[in-house]
Amino acid sequence: MSQVQQSKPLWQRIGWLITIWAGSVLALAVVAYGLKLVMRAVGMGTP
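Here this note's numbering runs 712 ahead of the position in the sequence shown, where the first position is 1.
Here it is, written out as structure tokens:
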């Protein structure tokens, strides 16, 4: 017999969405900062 699963509350689903979004923004910032450091290390800065 299949059991109907109840969806989680709206606030919890929105909370997960915000958490995943914030994590992706943070990961992008870390990668961008790392690329900036590498570019400065090889002399690709602006004059």
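In this text, a Cβ means the ideal position worked out from N, Cα and C, and glycines have one as well.
The model shown is predicted, which means the values in this text are computed figures rather than measured ones.
Unbroken alpha helix (DSSP H) run spanning residue i, endpoints
i           : result
residue 746 : 722–753
Spatial neighbours of residue i in its chain, beta-carbon cut-off 7 Å, leaving aside the 5 residues before and after
i           : result
residue 747 : none
Spatial neighbours of residue i in its chain, beta-carbon cut-off 6 Å, leaving aside the 5 residues before and after
i           : result
residue 742 : none
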